[in-house]
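Engineer: First the structure, which I've put down as structure tokens, then a few questions once you've had a look.
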Amino acid sequence: MAHVEETYDIVVIGAGHAGCEASLAAARMGLNTICFTVSMDSVAMMPCNPNIGGSSKGHLVRELDALGGQMGINIDHTFIQSKMLNSSKGPAVHSLRAQADKSAYSLRMRKTMQDTDNLTLRQAEVTELIIEDNKVCGVKTLSGATYHCKAIVICTGTYLRARCLYGDVIEHTGPNGLKAANYLTQSLIDNNVELNRFKTGTPARIDSNSIDYSKMEIQLGDNPVVPFSFSTDPKDVQIEQVPCYLTYTNERTHEIIRANLDRSPMYSGVIEGTGPRYCPSIEDKVVRFADKNRHQLFVEPEGLNTNEMYIGGMSSSMPEDVQYEMYRTVPGLENCKIVRNAYAIEYDCIKATQLKASLEFKNISGLFAAGQFNGSSGYEEAAAQGIVAGINAALKVLNKEPMILDRSNSYIGVLIDDLVTKETKEPYRMMTSRAEYRLLLRQDNADIRLSKIGYEVGLLSKERYEHVVEKERLIEEEVARVKEINIGAKKEVQDLLESYGSIPLSNGIKLVDLIRRPELDYDKLAPIDKDRPVLSDEVREEVNIYIKYEGYLSRQAKQVAQFKKLESKLIPDEINYDDVSSLRIEARQKLSSLRPANIGQASRISGVSPADISVLLVYLESYYRDR
Numbered sequence: 272m273a274h275v276e277e278t279y280d281i282v283v284i285g286a287g288h289a290g291c292e293a294s295l296a297a298a299r300m301g302l303n304t305i306c307f308t309v310s311m312d313s314v315a316m317m318p319c320n321p322n323i324g325g326s327s328k329g330h331l332v333r334e335l336d337a338l339g340g341q342m343g344i345n346i347d348h349t350f351i352q353s354k355m356l357n358s359s360k361g362p363a364v365h366s367l368r369a370q371a372d373k374s375a376y377s378l379r380m381r382k383t384m385q386d387t388d389n390l391t392l393r394q395a396e397v398t399e400l401i402i403e404d405n406k407v408c409g410v411k412t413l414s415g416a417t418y419h420c421k422a423i424v425i426c427t428g429t430y431l432r433a434r435c436l437y438g439d440v441i442e443h444t445g446p447n448g449l450k451a452a453n454y455l456t457q458s459l460i461d462n463n464v465e466l467n468r469f470k471t472g473t474p475a476r477i478d479s480n481s482i483d484y485s486k487m488e489i490q491l492g493d494n495p496v497v498p499f500s501f502s503t504d505p506k507d508v509q510i511e512q513v514p515c516y517l518t519y520t521n522e523r524t525h526e527i528i529r530a531n532l533d534r535s536p537m538y539s540g541v542i543e544g545t546g547p548r549y550c551p552s553i554e555d556k557v558v559r560f561a562d563k564n565r566h567q568l569f570v571e572p573e574g575l576n577t578n579e580m581y582i583g584g585m586s587s588s589m590p591e592d593v594q595y596e597m598y599r600t601v602p603g604l605e606n607c608k609i610v611r612n613a614y615a616i617e618y619d620c621i622k623a624t625q626l627k628a629s630l631e632f633k634n635i636s637g638l639f640a641a642g643q644f645n646g647s648s649g650y651e652e653a654a655a656q657g658i659v660a661g662i663n664a665a666l667k668v669l670n671k672e673p674m675i676l677d678r679s680n681s682y683i684g685v686l687i688d689d690l691v692t693k694e695t696k697e698p699y700r701m702m703t704s705r706a707e708y709r710l711l712l713r714q715d716n717a718d719i720r721l722s723k724i725g726y727e728v729g730l731l732s733k734e735r736y737e738h739v740v741e742k743e744r745l746i747e748e749e750v751a752r753v754k755e756i757n758i759g760a761k762k763e764v765q766d767l768l769e770s771y772g773s774i775p776l777s778n779g780i781k782l783v784d785l786i787r788r789p790e791l792d793y794d795k796l797a798p799i800d801k802d803r804p805v806l807s808d809e810v811r812e813e814v815n816i817y818i819k820y821e822g823y824l825s826r827q828a829k830q831v832a833q834f835k836k837l838e839s840k841l842i843p844d845e846i847n848y849d850d851v852s853s854l855r856i857e858a859r860q861k862l863s864s865l866r867p868a869n870i871g872q873a874s875r876i877s878g879v880s881p882a883d884i885s886v887l888l889v890y891l892e893s894y895y896r897d898r
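Numbering-wise, the sequence shown is residues 272 to 898 according to this note's numbering.
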């Protein structure tokens, strides 16, 4: 029997958020790329929360955009509400979050994929990897078609051997009832890929017409709106926004849940997979936080052309009748109608420690992985890994060195380093606390940190890169200018200080020292800075942050320099850790298994102590000396 046979440079398996970014990156770098999806309706789908960004996740989207990714641009065109989170705190934790029109987001991304040169989007299920001599050669699909290629990026999300559960109902489907991918797992096992079984979940969707919003707290968007993409004109995102709402569970809700725990597949033993610690189901919350008499619930619209409302904070795998009972105890949901039941989903993923920092498998040349397939959770984490895997797959085909992001230059680097270095026992979620240098890795300066890399790999235009270079020049010049300005104790100065509750001057002072006062900032002092140049909002923001936090920034820069020293001490691939005397047995086992690329990475492996690192450094000195 004859079968289709085609040849591409790169095959991407999956068209979720990771697959889209991987495909677009590879294609835009000039590689002939095909992206497979089990359903055209699942391209960039949001099967869970209807938003992009959030605490630390907003950082990832900004970094992705700075590298030349699509997620930031796509949400800027399809959001229905936007908020800057943590704005009352320091700039390191400011994070943008936007409610999406889920349908519009998916459709726009699909259209972008289909309109991109060198990119083919194809509905088909990949069932087999063709690997010869530990090197990828292609894939086969369910129909028997063969697609030859030089690199593969696996971005299967939550579809591998997926099953959805609520109560005693078990459906062998992917999210939203879409087809699961049931065959690829065996091919991975046959190629000695180690797998995990994880689970996640989603809340019910409620008919908006059945909700009493008068019993809830309204949550409005920001004015003005800050765009996600550095390429988006802020004027283009000042739109009329839809409201969201806040409500709470109560003791009655919790009583119903506790009384029915034995009917939850999570607690009955039906669910095998490990769930996310930082996004627990409502059953988990009630059990783990028994002292709390209520939990926040966010009621969020899923789009402009649907009445479905997402009940954030109340994911569940309870039976259908219990779901009705517990949701109807919540203020505003007393008469609610469920459009889609809440459910848990189990799926296969890999142990990400099998990957290099480039997201290529250590033992299979040309095979890359990204997204929830790597044991992470979240659209943003997936997309961030997707662009890295796509770029590196393209660089592999072009016989170029991989692009490696590290913990000192990006949240994406932190995310990937955590995944490939630490043994993730549950779905991984990005948080600001995971980044040691988070004052340097702010969302506002992502373009300054990463645009050069995006430009060098070929994803960022020359014009956009030159804009960033010019922005950086203006910031440096303005900071230098402000540091030289003396302010006298004139009446207009004293009046301005008094208006902000700031201590008046007894003699002259540098303008920079006034800016550093907690109650003042660069913009507030504009009236007494007569020679100030006209600068954009983004430049003024950077100037203010740099001046206010200069001491802390300098300190973190020194810490980064120390970090770089350890990262530059490379560990040869061929090293035999059994030859390193004085290494503890646990350290020897962990190092042999994970094969870190450098001393810095070795030091972050659980079970490897500072004493082990000292022993390893001494060994490496003699190793290199003898070569």
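Backbone N, C-alpha and C define an ideal beta-carbon position, used for all residues, glycine too.
All values derive from a computational prediction rather than experimental measurement.
1. For residue 619, name the three-state secondary structure that DSSP assigns.
2. Looking at the secondary structure, which residues open and close the beta strand (DSSP E) in which residue 434 lies?
3. Quick one: what's residue 740 bridged to in DSSP?
4. Do residue 281 and residue 464 have their CB atoms nearer than 9 Å?
5. Between the C-alpha atoms of residue 308 and residue 652, what's the straight-line distance to the nearest angstrom?
6. With a floor of 4 residues, list each alpha helix (DSSP H) that falls wholly inside the stretch 763 to 841, ordered by position along the chain.
7. Decide if residue 330 is buried, meaning its Cβ has at least 16 other Cβ atoms within 10 Å, or exposed.
8. With a Cβ-Cβ cutoff of 9 Å, do residue 371 and residue 658 count as a contact?
9. Which residue comes first and which comes last in the beta strand (DSSP E) that contains residue 475?
10. Alpha carbon to alpha carbon, what distance is there between residue 423 and residue 842?
11. Note down the Cα distance separating residue 759 from residue 778, rounded to an integer number of angstroms.
12. Please determine, among 403, 598 and 383, the residue with the shortest C-alpha to C-alpha distance to residue 286.
13. Using the C-alpha atoms, what's the distance from residue 707 back to residue 685?
14. Are the C-beta of residue 327 and some C-beta of chain C separated by less than 9 Å?
15. Could you name each continuous alpha helix (DSSP H) segment of 4 residues or more that falls completely within the stretch 323 to 405, going from the start of the chain to the end?
16. From which residue to which residue does the beta strand (DSSP E) around residue 425 run?
17. Starting from the Cα of residue 291, find the closest Cα among 571, 405 and 661 and give me that residue.
18. I'd like to confirm something about residue 566: is its beta-carbon nearer than 8 Å to some heavy atom of the ligand SAH, or not?
19. Taking the alpha-carbon of residue 741 as reference, which of 754, 421 and 723 has the nearest alpha-carbon?
20. Thinking residue 883 and residue 812 are a contact (beta carbons under 8 Å), I'd like their distance in whole angstroms, please.
21. Is residue 276 buried or exposed, if buried means 16 or more other CB atoms sit within 10 Å of its CB?
22. Taking the C-alpha atoms as reference points, what is the distance between residue 728 and residue 327?
23. Do residue 571 and residue 847 have their CB atoms nearer than 9 Å?
24. Roughly how many angstroms separate the alpha carbons of residue 496 and residue 508, rounded to a whole number?
25. Do residue 902 and residue 609 have their C-beta atoms within less than 9 Å of each other?
26. Just to confirm my understanding: we take residue 456, look at its own chain, exclude 5 residues before and 5 after, and list those with CB closer than 8 Å. What are they?
27. For residue 896, is the classification buried or exposed, using 16 other Cβ atoms within 10 angstroms of its Cβ as the cut-off for buried?
Structural biologist: So, from the listed chains and residues:
1. If DSSP states are grouped into helix, strand and coil, residue 619 belongs with the strands.
2. 434 to 437
3. Paired residues: none, contrary to the question.
4. no
5. 19 Å
6. 782 to 786, 808 to 819 and 821 to 838
7. Under this definition residue 330 is a buried residue.
8. Result no, Cβ atoms of residue 371 and residue 658 do not sit closer than 9 Å.
9. 466 to 478
10. 27 Å
11. Answer to the nearest angstrom: the Cα atoms are 6 Å apart.
12. 383
13. In this structure, the alpha-carbon of residue 685 lies about 9 Å from that of residue 707.
14. The structure shown contains no chain C; it holds only a single protein chain.
15. 328 to 338, 342 to 349 and 373 to 385
16. 422 to 425
17. 661
18. Ligands in the displayed structure: none, and consequently the ligand SAH is not present.
19. 723
20. Not a contact, Cβ separation roughly 44 Å.
21. exposed
22. 25 Å
23. In this structure, residue 847 does not lie closer than 9 Å to residue 571 by Cβ.
24. 6 Å
25. An answer regarding residue 902 cannot be provided, because it is not within the stretch 272 to 898 covered by the chain.
26. 431, 432, 466 and 619
27. exposed
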